[in-house]
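J.:
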Amino acid sequence: MVRARAPVALAVSLVTSGCIAYHELPLPSPTSARPVPAALPGLRAGFGRADITPPPGVGLAGNGPEGRRAAGYRVRLYARALLLEDRTGERVAFVVADLAQVTPNLQRLTAERIRDSTGIGADRLVIAATHVHSGPGHFYAERQYNQSTSQVVGYDSAMVEFLVSRLARAVLDAQRDLRLARVAWSATAVWGHTRNRSYQAFLRNKPEWTPPAPVAPGLDATHRAVNPLWTLLRVDQRGRGADSAYRPAGALSVFAVHGTADAPENELLDAGIHGIVERGLERHVDSLSRRGAGYHLVANGAEGDVSPDWPVQSRCGAPTLRPVVGPGGPRTPPPPWEWRDPAPAWMGLCRAAARRYVNTAGDSLAARAAALFDSLGPGLRGDLRVGVAFRTLRLKGDARLCPYPEAGSATLGGAEDGRTRLYDWRLFGIFPVGLEEGGHAVRPNPHDCQREKRVALGGLQRKFVVGEHGLPEVAQLSVIRLGDLLLGVVPAEVTTRAGALMERAIAESAGAAGLEPRAVTIVGLANGYMQYVTTDAEYGEQAYEGGSTLYGPNTAAVLAEELGKLAGSLARSGASPVNPVDSLVAYPGASLTILPRRTAGPPAERVERVVLSQACAGDTLVVRWRDLYPGRLVPADGPVLRIERVAGERWNVAAWDGDRELEVRAVRPRGARGYEWEARWHHSASAGLFRVVLVARPGLAEVVGDRVPCAVRFP
Amino acid sequence: MFPHPEMRRSSLFVAAVFLQALGLPSGVHAQAYLGLDATLSSPYVWRGVTRANGWVVQPEAFVSLKAGGGFLSGGAWASYELGNAGPNDLSDLGTGNAGLAELNYWGQANWSLGLIQASLGGIRYTFRGTAPTAGRTRADNTTELYVDLRGTSKYVVPGLALWLDVDRVQGAYVEGSVTVPVLANPLAAPFIVLITRAAVGYTLGQDVNSEDPSQGAYFARAGVTHMDLAVSTDVTLRPLRVPTVLRFEGHVQFSTDDATRPSSARPSDARRSGKLWAALALRLSPPIVSW
């Protein structure tokens, strides 16, 4: 018996002593400076942008165990900032980052960096995520998220510094860009691009859903069960110096849609649909203003149960556990079973289908955003009033909520957008264990605070997997006034109906205090992350979203109540109430080396950067070259390469890295000679002579490849 | 000539370090593999028959060539009985002996055919015992050809193996099995998988030939020999450069043939209908040549 107990005791001691290490990190609590009216009376606005594309090698966060290690990048990731200041000096800064989530540590540390220069503390800084599932992880304030958001496990303080420095840079650039501005906002219904992925849970709500806009004809029930409103704030800036004209500068959009259009099997850092929409409107703004860069921040709304309308062929299927053929013989211990991906050819097809969808849906949504942007021209005004109400809600210990956070078994199987390898797993292939949505994920005899939720691993989850501080314990909430538009800012993925509940609470409280907003919109995934929030009725279904509502069925009501209080205080203050910034602590786990470091491989002076090969295969130009190791080569530092096409005697730029048709991958180390990289550019629309130009970077001269003929291949 | 236990441990350690040094970077597409594994088992049960009821260590070395979607492999496997067998013990070497009891040489081709995995090969069994009335001697040396098929479905993996003795025993042994994975961790290293397996043995001529009692036999009569229920866990040690797997397996056996019933040489253990046994194996198979 002693021998039998020994391994168990060892496992338990490992779990309790080694794995659940909190590494408590107190976070700063910077509070905003008191508003001071600017010398120039009137609304001022400024934009900024920072590239946040890390080097390959990091985990792609958002798809849990199916999140791959990034092999390279496609559409670059950015953090875009908009700073607004009204005539009374009331300020607010919005940052939207191409990340899966934003955490309190990113928000607080960024606020600390910008506080002295901008007067903006944590209470007036909104950092929201587009929720793209192909951005990096490893920055979470909660240990459990660093352990489970991708196949690459762990927290890396260098990733936090990488992101915070760039988020702060975007805001500081916006501060430098502050100019007199005129703004207008409106909302339009965009039907047909989104659908409700948890329709059975949605149907449980009473009364039935009344869409906030007339429904487009021909839509089925799941496509009607969403909030289709695209809210867009257009900003025109006055020129500098003698240029006193107001011209289009950028926009802040809010639209509810998951960032899950890319297949979960995607292996590239990529801004996804949101990136295409951001760039689409930015190009439109460029064409209107002719002042250079336009800016488009696309924040997410109440998207908890809202999927992009991805085609079924864009999902490859999760790996399955199978025996493998390996080296050995009849008396060799058999090779271990492995999680095996579907066939490579199938993976290629579904990834390509997902990319086609991302591009076409992104273009379509960008066109809708551009039309909305244009329609706002006649209504631009410079008298927008800004106000912010902010508080930090302690979730753990709030008597209205469950005493501690717990994930349901439905969470482990993943949502419809990206089923995990555990989905529908059955003991001996027969007995269900709750790794599904609804069904056995629902506890037959609801009896405690978590009610219908079958807690994953039962009591073991809290004791041995998550630990005391492994999941979020606070929620930073804001209500922001932009004229007669109120934004409810929540650190969660709230479902359509939960979002509507919160919007109504905000509107009613504000109205009772004398402020009648024309619209209220939820901005989700901002200033923190507490997973999902469903309505009480939806929670009973225990779909993925209900299983991921960590603090139980009353969470939506509590958040609605708190947002209502904030809206009331905002309305009563006439500007911004006093917003205390409470102290916070992060518990991210031990810091590991995951983000490739700037010391990786030989330094630039020892690397001979050279084009190794160039060839056209069908509609794809494939270039291989030797360069620095990932870490010394950081895409966020600047352009890496461009593709040029000859026109007469001139070479014109056909594509930069970061273009949606250009994929860059880190292929393999070449020892002391450098690292081999590959670029694949799909040039289906053009034929001719091409060449690659490796852009000059510090310590590295420009390298120009030989010319390569490429023809268009028609099917 | 059995090596000192300390020497054996240090040899294994040196071999492990050597294999680590040979390990190629994981990104390389390897074509030839050097395999080294060792199993520690007690008792040593083969086809339901308890061959030795003490501790046995079974090292193996092989070379595999990856060809197409499969492997061509050849190797040698040995069984060492670690303790001197007593009068009430079962042993291939006989009472009072310890050391090398069995040496096998084998060759195999295995490959994947979509949802089916197939192995085809031959194995030469040689024995080192010297006690003609207990255990196995050179007179028991023999050769078998075999084919092993198994499916690769998500939950239930059926398997069927046929072993045909073409030398001394002149008969076949069939084993049908069903393997079901119970759980596997999806994310963090070390990768752990827990698997259950049920197997049934059936003899088609490897039992006593009443017309020719001098012909070799492993079982008392034709038909089902035993049923084995096993639980095994594989732990893949990813931090090591060489693919390394630690495997633990426990077995419950229900015996139906008189040859599979004894769990020791005691008369009281001769008619057991069930027995338990366990084994611990370490497997390293680094790629050594690639092109």
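If you're matching them up, the sequences are chains A and B in order.
Just so we're aligned: 262 in my numbering is position 262 of the first sequence, and the numbers increase by one with no gaps anywhere.
Just so we're aligned: 253 in my numbering is position 253 of the second sequence, and the numbers increase by one with no gaps anywhere.
Idealized CB from N, CA, C, for every residue including glycine.
Bear in mind the structure is a predicted one, so any value in this text is a computation, not a measurement.
Output yes if chain B places a C-beta closer than 7 Å to the C-beta of Val325/A; else output no.
T.: True, the Cβ-Cβ gap to chain B drops below 7 Å.
J.: Do we get a CB-CB distance below 7 Å when we pair Pro330/A with the residues of chain B?
T.: For Pro330/A, the answer is yes, since a Cβ of chain B falls inside 7 Å of its Cβ.
J.: Measuring alpha carbon to alpha carbon, tell me which residue in Gly241/A, Val190/A, Arg247/A and Pro248/A is nearest Leu229/A.
T.: For Leu229/A, the nearest C-alpha among the options comes from Val190/A.
J.: Give me the Cα-Cα distance between Gly192/A and Met347/A, rounded to the nearest whole angstrom.
T.: In a straight line, the C-alpha of Gly192/A is about 27 Å away from that of Met347/A.
J.: Would you tell me roughly how many angstroms separate the C-alpha atoms of Thr130/A and Pro330/A, rounded to the nearest one?
T.: Taking the straight line from one Cα to the other gives about 53 Å.
J.: Based on the DSSP secondary-structure assignment, which residues constitute the bridge partners of Gln614/A?
T.: Paired residue(s): Val623/A.
J.: With C-beta atoms as the reference, is Ala174/A less than 7 Å away from Ala61/A?
T.: Against a cut-off of 7 Å, the Cβ pair of Ala61/A and Ala174/A comes out as no contact.
J.: Between Gly358/B and chain A, is any beta-carbon pair separated by less than 7 Å?
T.: In the structure as shown, chain B begins at 1 and stops at 291. Residue 358/B is therefore absent and cannot be evaluated.
J.: Following the continuous alpha helix (DSSP H) through Val358/A, name the residue where it begins and the one where it ends.
T.: That run of the alpha helix (DSSP H) goes Pro344 to Ser375.
J.: Is His440/A helix, strand or coil when you go by DSSP?
T.: The answer is helix: DSSP assigns His440/A an H, G or I state.
J.: Starting from Arg283/B, trace the beta strand (DSSP E) both ways and give me its first and last residue.
T.: From DSSP, the beta strand (DSSP E) with Arg283/B extends over Gly274 to Leu284.
J.: Name the DSSP beta bridge partners of Gly158/B, please?
T.: According to the sequence provided, residue 158/B is Pro. The question's Gly does not apply to it. In the DSSP output, where bridge partners are listed per residue, Pro158/B has Val178/B.
J.: Hey, how far is the Cα of Glu85/A from the Cα of Pro669/A?
T.: The alpha-carbon atoms of Glu85/A and Pro669/A are separated by roughly 49 Å.
J.: Please specify which runs of the alpha helix (DSSP H), each continuous and at least 4 residues long, are wholly inside the stretch 507 to 579 of chain A, giving them in chain order.
T.: Runs of the alpha helix (DSSP H) inside the stretch 507 to 579 of chain A: 536 to 539, 544 to 547 and 555 to 573.
J.: Val245/B versus chain A: which residues are under 8 Å apart at the beta carbon?
T.: Those are Pro333, Pro335 and Pro336, listed as they occur along chain A.
J.: Anything in the stretch 422 to 442 of chain A with a Cβ closer than 9 Å to a Cβ of chain B? List those residues in chain order, please.
T.: So the list reads Leu422, Trp425, Arg426, Leu427, Phe428, Gly429 and Ile430, given in the order they occur along the chain.
J.: What are the boundary residues of the alpha helix (DSSP H) that includes Val634/A?
T.: Val634/A -> no alpha helix (DSSP H), and no H or E assigned at all.
J.: Using C-beta distances below 6 Å, list every residue in its chain close to Ser583/A, excluding the 5 sequence neighbours before and after it, in chain order.
T.: Once the five neighbours on either side are set aside, the close Cβ partners of Ser583/A are Ser29.
J.: Determine which residues of the stretch 152 to 164 of chain B have a Cβ less than 7 Å from any Cβ of chain A, and write them out in chain order.
T.: Of all residues in the stretch 152 to 164 of chain B, Thr152, Lys154, Tyr155, Val156 and Val157 have a Cβ within less than 7 Å of some Cβ in chain A.
J.: Taking the CB atoms as reference points, tell me whether Ala389/A and Leu566/A lie closer together than 7 Å.
T.: Contact: yes.
J.: Whether or not the stretch 196 to 215 of chain A and the stretch 535 to 555 of chain A are in contact is what I'm after, with contact meaning three or more pairs of Cβ atoms, one per stretch, closer than 8 Å; do they touch?
T.: Cβ pair count under 8 Å is three or more, so yes.
J.: To the nearest angstrom, how far is the alpha carbon of Asp637/A from that of Tyr73/A?
T.: Cα-Cα distance, rounded: 14 Å.
J.: Smallest Cα separation from Pro472/A: which of Glu406/A, Leu501/A and Thr188/A?
T.: That would be Glu406/A, whose Cα lies nearest to the Cα of Pro472/A.
J.: Can you give, in chain order, each stretch of the beta strand (DSSP E) that sits fully within the stretch 83 to 171 of chain A and has at least 3 residues?
T.: List check, beta strand (DSSP E) in window: 91 to 97 and 125 to 129.
J.: If you draw a straight line from the alpha carbon of His23/A to that of His133/A, how long is it in whole angstroms?
T.: Roughly 27 Å separates the two Cα atoms.
J.: Can you find a C-beta in chain B that's less than 7 Å from the C-beta of Leu321/A?
T.: Output row for Leu321/A: interface = yes.
J.: Which residues of the stretch 212 to 229 of chain B have a Cβ closer than 7 Å to any Cβ of chain A? Give them in chain order.
T.: For the stretch 212 to 229 of chain B, which is checked against every Cβ of chain A, not one residue is closer than 7 Å.
J.: Starting from the Cα of Ser153/B, find the closest Cα among Thr420/A, Arg166/A, Glu282/A and Arg322/A and give me that residue.
T.: The option with the nearest alpha carbon to Ser153/B is Arg322/A.
J.: Do Ala198/B and Leu229/B come within 7 Å of each other at the CB atom, strictly closer than that value?
T.: Yes; because the gap between Cβ atoms is below 7 Å, this pair is in contact.
J.: Exposed or buried, Asp167/B, counting other C-beta atoms within 10 Å across all chains shown (16 or more means buried)?
T.: Exposed is the call here.
J.: Cβ of Phe127/B less than 7 Å from any chain A Cβ?
T.: False, the Cβ-Cβ gap to chain A never drops below 7 Å.
J.: Tell me, please, which residues DSSP counts as bridged to Ser287/A.
T.: DSSP output for Ser287/A lists no bridge partner at all.
J.: Report the neighbours of Val193/B on chain A: residues whose CB is nearer than 8 Å to its CB, in chain order.
T.: Those are Leu321, Pro336 and Trp337, listed as they occur along chain A.
J.: Could you tell me if Asn527/A is buried or exposed, where buried requires 16 or more neighbouring beta carbons within 10 angstroms of its beta carbon?
T.: Classification for Asn527/A: buried.
J.: Under 7 Å, do Pro336/A and Val245/B count as touching if we go by C-beta distance?
T.: A contact, by the Cβ cut-off of 7 Å.
J.: Strictly under 7 Å for the Cβ-Cβ distance: is Ile123/B near chain A by that measure?
T.: For Ile123/B, the answer is yes, since a Cβ of chain A falls inside 7 Å of its Cβ.
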